[in-house]
Amino acid sequence: MSSDDAKHAALEEAKREVEEAESLTGASAVAVHATTGPRRSPLVTLAWVAPGTIWLLLFLIAPLVMIVLVSVWQKTPVGFDPFAFTTEGYTKLFDTPVYLDTLKDTIIRALIVTALCILIGYPIAYFLARGVSSIRYQIALFVFVLAPFWVAYVVRIVAWLPVLGRQGVINYFLVEVIGVRAEPIDALLYSNFAIILALVQLYVLFMVTPIFFQLATLDNAAIEAARDLGATPAKVFREVILPLSLPGVLIGCIFVFVLVMGEFATVRLIGGGTIQSVGTLVYDYYKLPDLPTAAAGATILVAVMTIGVAVLLRFSKIREVV
Amino acid sequence: MSDEQNGLVLKDVYRVFPGDVTAVADVNLHVENGEYVVFLGPSGCGKTTTLRMIGGHDDPSSGTITIDGELMNGVSPAERPITTVFQHYALFPHKSVLQNVAFGLKMQGVDKAERETQAKAAIDLVGLTKMMDRKPRELSGGQQQRVALARVLVTRPKAILLDEPLGDLDRLLQMKMRVELRALQRELGITFIHVTHNQEEALSMADRIVVMGDAVIQQVGTPEELARHPRNEFVAKFMGDNNVFHGTISGTNGGNVVIDTPHGKIEVKGTGTAGQPGSMSIRANAVQVSTDAVPDVNGVKVRLDFAEYLGDSVKLHLDLAGQPFLAKVPEERYTEIRAYEGKDVTATWAIEDGHLLEQ
Ligand SMILES: Nc1ncnc2c1ncn2[C@@H]1O[C@H](COP(=O)(O)OP(=O)(O)OP(=O)(O)O)[C@@H](O)[C@H]1O
Ligand SMILES: [Mg+2]
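Residue numbers (the working numbering), protein chains in the order written: chain S, 1 to 322; chain W, 1001 to 1359.
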């Protein structure tokens, strides 16, 4: 009952949001047709499929369609002309190397953060799932690891400022306490290094959680069998535990990669305006306001993310077959 | 230590889990090399725990385990010359049949070409050559079990431990695998230690059966010994098709003791002291059923509730003053004996067929 109610409420809210967006963009024709279509069908199977379909349409397809439409619609002083198409938004992006360079940086940053999250997150997940024997301690420690997530996102970003800043903890330590530097290092803050550090801290849990659950539900008998057949602890890990935990790693990679690709607040705050991501670039166009160019930038970002996830999934398929 | 014995020896083995749970107590057992031994007992009696201690996945709280004279306590499973076929097989789901079977050799550092040759031979032995490249989930239960067998055979262990190896299979496949397992063991000539709670399975496969109950070994013997001479009431009841009488020993008569029971006097081979409690068992197929008068000794009046036709015999479900009593008669008597359903008949047996039980 209650979960139905919640779902219903969420749907209502989503519909309201879409309607608001529609009134802004004039895209009502497309969205309304899409949401009411399946409901009219008398088929029971369709009724079963409908909620999921509507959900997808509202939260994934409709926003995407809207972004793509906005990116090609001709801007008018009062809004958009839905009958005039232009590729101005795209050409503007590709006229200068800024967008492509930023896209490249964003992808590299996302890959580095994902890799670091694996390196840091896997041992944490492994310790939680297999190093802690009692389920009670496991859950307690897991909640403890989750604790930073109860703090608002922006607060967690801002918390880095007194650590990395010119007068922050690290510089104080380097200059005053051990005295290895005469001058504080500016590059600690407002650098790619700082952004990556902050992003890893923000998103490592999206790696830890799926790996933790994968490892915690691992078949112990398979591990015992490997030991029985002469595997050393290192071999047990390499031959059994690691391959069986890869699905968790894959899900973690998708989470972290997608989230970091879309990142903009961390980059803005820690990067201090000197370092860009596709997200901050899109935001800048949006503020101008130049919605078509912002939408074009977002469309390309979504396309790149989709390709990235597809490559990851492909990679995992290959792993399973070999 | 002092007397080096070949084969597997368990000496005064106990396993007490935290919380004072005694899972295994006072186990003494000698398994000869090449023997097929079945551990039989009801759920929770300590079979798996015993097997895990032999395999090295658990250690005795006290007592010693030796293999060919070598002390095994504290030795890791990998270093013991025995391997386990786990309950539900525990195959590696991400590896192919060939990789699963070759795993043990890979761990021993055997090079790829050699281990694949040996693994293929083992796969051939269990008849799965055509499915070598499949993943475990693409196999049926019986095929998975053969992979598990091949995976341990390829490492040439001195002994193989099998925990409920037939438990996941349907009845028809169980019958088939009983024969196959036994044939395989004969062919290889290595020790098999097999755990089950199915007495029929134990009787049909074992060289020797170890009956466990309440954490201790109740009796060790050949299938025939266990069927004919159960040592105590636990074994008599667990092996099935036995009738047990309790009473007080009233005296002796030659080499026999006489037990006074609520159902009359029973004479049975053995010795005892008058006044002591005495129990005896009689196998269902040693009981004769007739309409004769009830004799003074070794005979009871019973009511025939139901004659169950079993194909090669007829099992008679009888009622002895409110308690179930079993008899088995030849299949030819089915028609004749059915006429007595619901009527009183006389059950008798020869003195030498009865069996005095330990208290
Ligand atoms: N790790 C453990 N901690 C505490 N008690 C245990 C542990 N493992 C087993 N036991 C207890 O020891 C007893 C014997 O268990 P075991 O698994 O050996 O039984 P089993 O004969 O194999 O039974 P089944 O036929 O059901 O598999 C049981 O009472 C069980 O609860
Ligand atoms: Mg068991």
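Note that CB positions come from ideal geometry on N, CA and C, so glycine has one too.
{"Check": "Between the CA atoms of Arg109/S and Leu164/S - distance to the nearest angstrom", "Outcome": "19 angstroms"}
{"Check": "Reference Pro1165/W, options Arg1156/W, Arg1178/W, Pro1157/W and Val1154/W, closest by Cα", "Outcome": "Arg1178/W"}
{"Check": "Glu1116/W (DSSP reduced to helix, strand or coil)", "Outcome": "helix"}
{"Check": "Cβ neighbour criterion (16 or more within 10 Å) applied to Lys1328/W", "Outcome": "buried"}
{"Check": "Ligand 1 heavy atom lying under 6 angstroms from the CB of Ser1043/W", "Outcome": "yes"}
{"Check": "Closer than 7 angstroms to ligand 2: residues, by C-beta to nearest heavy atom, in chain order", "Outcome": "Lys1047/W, Thr1048/W, Gln1087/W, Asp1163/W, Glu1164/W and Val1195/W"}
{"Check": "Residue range of the unbroken alpha helix (DSSP H) whose run includes Asp1058/W", "Outcome": "First-last for Asp1058/W: undefined, no H or E at that position."}
{"Check": "Nonlocal neighbours in the same chain, by C-beta distance under 7 angstroms from Gly1221/W, ignoring five residues either side", "Outcome": "Arg1208 and Ile1209"}
{"Check": "Within-7 angstroms CB hit, Phe1192/W to chain S", "Outcome": "no"}
{"Check": "Spatial distance of Arg1080/W from Val175/S (CA atoms)", "Outcome": "59 angstroms"}
{"Check": "Range of the contiguous beta strand (DSSP E) that encloses Phe1192/W", "Outcome": "Thr1191 to Thr1196"}
{"Check": "Residues sharing a beta bridge with Ile157/S, DSSP", "Outcome": "None, per the DSSP bridge assignment."}
{"Check": "Integer Cβ distance of Ile1082/W from Ile1065/W, believed to fall under 8 angstroms", "Outcome": "That pair is no contact at about 10 angstroms."}
{"Check": "Thr306/S burial status per 10 Å Cβ neighbour count (16 or more: buried)", "Outcome": "exposed"}
{"Check": "Length of the line joining the Cα atoms of Lys1343/W and Ile1337/W", "Outcome": "10 angstroms"}
{"Check": "Chain W contact for Pro210/S (CB, 7 angstroms cutoff)", "Outcome": "no"}
{"Check": "Nonlocal neighbours in the same chain, by C-beta distance under 6 angstroms from Leu1173/W, ignoring five residues either side", "Outcome": "Gly1142"}
{"Check": "Touching by the beta-carbon criterion (3+ pairs, under 8 angstroms), the region 244-260 of chain S and the region 98-114 of chain S", "Outcome": "yes"}
{"Check": "Contact list for the region 228-251 of chain S against chain W, Cβ threshold 8 angstroms", "Outcome": "Asp228, Leu229, Gly230, Ala231, Thr232, Lys235, Glu239, Val240, Pro243 and Leu244"}
{"Check": "N-terminal and C-terminal residue of the alpha helix (DSSP H) that Glu88/S is part of", "Outcome": "Glu88 to Asp95"}
{"Check": "Closer than 8 angstroms at the beta carbon, the chain W residues around Phe222/S", "Outcome": "First, the residue type needs correcting, since residue 222/S is Ala and not Phe in the sequence shown. By Cβ distance, chain W contributes Ala1090, Leu1091, Phe1092 and Pro1093."}
{"Check": "contact_flag[the region 60-68 of chain S, the region 294-312 of chain S] where n(CB pairs < 8 angstroms) is 3 or more", "Outcome": "yes"}
{"Check": "Leu244/S versus Gln1005/W - alpha carbon distance", "Outcome": "42 angstroms"}
{"Check": "Residue-level contact to chain W via CB, Ala310/S, 7 angstroms cutoff", "Outcome": "no"}
{"Check": "Test item: CB-CB of Arg1115/W and Leu1128/W under 7 angstroms", "Outcome": "no"}
{"Check": "Residue from Gly1272/W, Gly1109/W and Phe1039/W with nearest C-alpha to Thr1248/W", "Outcome": "Gly1272/W"}
{"Check": "Residue-chain proximity (Met1107/W, chain S), Cβ-Cβ < 7 angstroms", "Outcome": "yes"}
{"Check": "Minimum Cβ-Cβ distance from Gly1104/W to chain S less than 7 angstroms", "Outcome": "yes"}
{"Check": "For Val323/S, the first and last residue of its enclosing alpha helix (DSSP H)", "Outcome": "Since the displayed chain S opens at 1 and closes at 322, residue 323/S lies outside it and no answer follows."}
{"Check": "Per-residue burial, Asp1163/W [other beta carbons within 10 Å of its own, 16 or more giving buried]", "Outcome": "buried"}
{"Check": "Beta bridge counterpart(s) of Asn1242/W as assigned by DSSP", "Outcome": "Arg1283/W"}
{"Check": "Among Gln167/S, Val98/S, Gln201/S and Asn192/S, the one whose alpha carbon lies nearest that of Ile185/S", "Outcome": "Gln167/S"}
{"Check": "Amino acids of chain S, ordered along the chain, whose beta-carbon sits closer than 8 angstroms to that of Ala1078/W", "Outcome": "Arg227, Asp228, Leu229, Gly230, Ala231 and Thr232"}
{"Check": "Contact check, His1057/W vs Glu239/S, beta carbons under 7 angstroms", "Outcome": "no"}
{"Check": "Within chain W, partners of Asp219/S - CB distance below 8 angstroms", "Outcome": "Ala1090 and Pro1093"}
{"Check": "Euclidean distance between Cα positions of Glu20/S and Tyr172/S", "Outcome": "Residue confidence is low: Glu20/S scores 41 on pLDDT, short of 50, so the model does not pin down where it sits. No coordinate-derived value is stated."}
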